[in-house]
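The opening residue of the sequence shown carries number 241 in the numbering used here; numbering runs sequentially from there.
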Amino acid sequence: MIAAGKLRHLVSLQFRQTGRDPDSGAVIDLGWVEVTKLWASVKPLSAREFIAAAASQSQVTARIVTRRDARVTAAMRFVHDGRIYNIEGVLPDPVSGLEYQTHPVSEGVNDGK
């Protein structure tokens, strides 16, 4: 069980919305839209984890933990304190898989994902 006090950062969960051009019918990018706000724990990787990630050529720079929420996918992103975190995965908690989830994230502008 994760203590509520550990989830002290309010993050915006966003997805990229697309639509159709009314004239041409082409798919157009409408930008990032907020789905909801979630309480989370935002933690940068430790020096050891960062070195291990670099060795495996992973772009993961932090870990965000939230209560379990089926809406969160790797096609989304979190925004916290003006920083953009691209979601690289959604990992269930190792005990029950039902209480919380961990999101390895990479930091930076998310234009093409």
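Yeah, the Cβ is synthetic: ideal placement off N, Cα and C, and Gly gets one too.
Selected residue, minimal CA-CA separation from V184, among S252, Q299 and E274: This structure cannot speak to residue 184, because the chain is shown only from 241 to 353.
Range of the contiguous beta strand (DSSP E) that encloses L278: V267 to P284
Buried versus exposed, by CB contacts within 10 Å (16 or more), S310: First, the amino acid is wrong: residue 310 is Ala here, not Ser. The residue in question, A310, is exposed, as its Cβ has fewer than 16 Cβ neighbours within 10 Å.
Straight-line gap, L338 to N326 (C-alpha atoms, nearest Å): 23 Å
G259 - DSSP class collapsed to helix/strand/coil: strand
Spatial neighbours of A295 in its chain, beta-carbon cut-off 7 Å, leaving aside the 5 residues before and after: Confidence in A295 is poor, its pLDDT being 47 and thus under 50, which makes the residue's placement unreliable; the coordinate value appears in the next sentence. Nothing listed; no residue qualifies.
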